[in-house]
Amino acid sequence: MEEEKIQQARPAPEDWETWKDYRLKLRKESPDRLENGAKQLITLITLVIAIYGALGVEKLQALPWHSQLLIKFALFLWLLSAFGALWVVVPSKYELIPDNTNAVKELLDAIISSKRKRLNYSLWLFGAGIVALGVGIILS
1 MEEEKIQQAR
11 PAPEDWETWK
21 DYRLKLRKES
31 PDRLENGAKQ
41 LITLITLVIA
51 IYGALGVEKL
61 QALPWHSQLL
71 IKFALFLWLL
81 SAFGALWVVV
91 PSKYELIPDN
101 TNAVKELLDA
111 IISSKRKRLN
121 YSLWLFGAGI
131 VALGVGIILS
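Using our numbering, the letters of the sequence shown correspond one by one to residues 1 to 140.
Now the structure itself:
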């Protein structure tokens with residue numbers, strides 16, 4: 001399917017730079033590439049939370065309250081990030097928001113209109129979680 005699109009859109013040899021830009025755009029915005037990135041992010045978040053669980057709650061409670069708060073905030077950001085990445089992976093026919101909440105759904109779709117934006121926001125949330133975790137560890 002994608003190969004047919006490329007063949008139909010093939011420009012004349014004098015437009016070779018345009019052709020290279022077009023192929024690069026197709027490769028960057030491939031749905032498979034976005035979904036694979038989202039799946040990798042979900043796997044990474046699962047691994048980080050599993051490591052956190054392996055360390056145990058006792059070690060967390062031994063830290064000062066501000067460090068505990070920042071580490072819990074990091075976990076919250078990572079869970080939000082995983083939800084955003086899941087939103088990229090789940091096909092549109094399996095909507096995460098029921099149909100009876102059309103106003104909320106339209107608002108969310110207006111704010112985050114593309115899969116690429118959703119994945120970028122998820123990556124920013126994951127990075128913010130790492131920063132919060134780092135600050136929590138430094139303050140302890």
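Idealized CB from N, CA, C, for every residue including glycine. The model shown is predicted, which means the values in this text are computed figures rather than measured ones.
Apply the 10 Å Cβ neighbour rule to residue i and answer buried if 16 or more other Cβ atoms are within range, or exposed otherwise.
{"i": "G127", "result": "exposed"}
{"i": "W78", "result": "buried"}
{"i": "I137", "result": "exposed"}
{"i": "G56", "result": "exposed"}
{"i": "L51", "result": "One detail in the question is off: residue 51 reads as Ile in this sequence, not Leu. That one is exposed."}
Could you compute how far the alpha carbon of residue i sits from the alpha carbon of residue j?
{"i": "K59", "j": "L86", "result": "30 angstroms"}
{"i": "L41", "j": "R118", "result": "12 angstroms"}
{"i": "L75", "j": "N36", "result": "22 angstroms"}
{"i": "G53", "j": "T46", "result": "10 angstroms"}
{"i": "L63", "j": "L133", "result": "13 angstroms"}
{"i": "K39", "j": "V131", "result": "22 angstroms"}
{"i": "L123", "j": "R116", "result": "11 angstroms"}
{"i": "N120", "j": "G129", "result": "14 angstroms"}
{"i": "I49", "j": "F73", "result": "13 angstroms"}
Only counting the same chain, and skipping five residues up and downstream in sequence, which positions put a Cβ closer than 8 angstroms to that of residue i?
{"i": "Q68", "result": "L60, Q61, G136"}
{"i": "H66", "result": "G136, L139"}
{"i": "L70", "result": "A132, L133, V135, G136, L139"}
If you drop the 5 nearest sequence neighbours on each side, which residues of the same chain put their C-beta closer than 6 angstroms to that of residue i?
{"i": "L125", "result": "L77, L80, S81"}
Here's a check: name, in chain order, each residue in its chain whose Cβ is nearer than 7 angstroms to the Cβ of residue i, leaving out the five neighbours to either side.
{"i": "A84", "result": "First, the amino acid is wrong: residue 84 is Gly here, not Ala. R118, Y121, S122, L125."}
{"i": "I44", "result": "First, the amino acid is wrong: residue 44 is Leu here, not Ile. Same-chain partners within the cutoff: there are none."}
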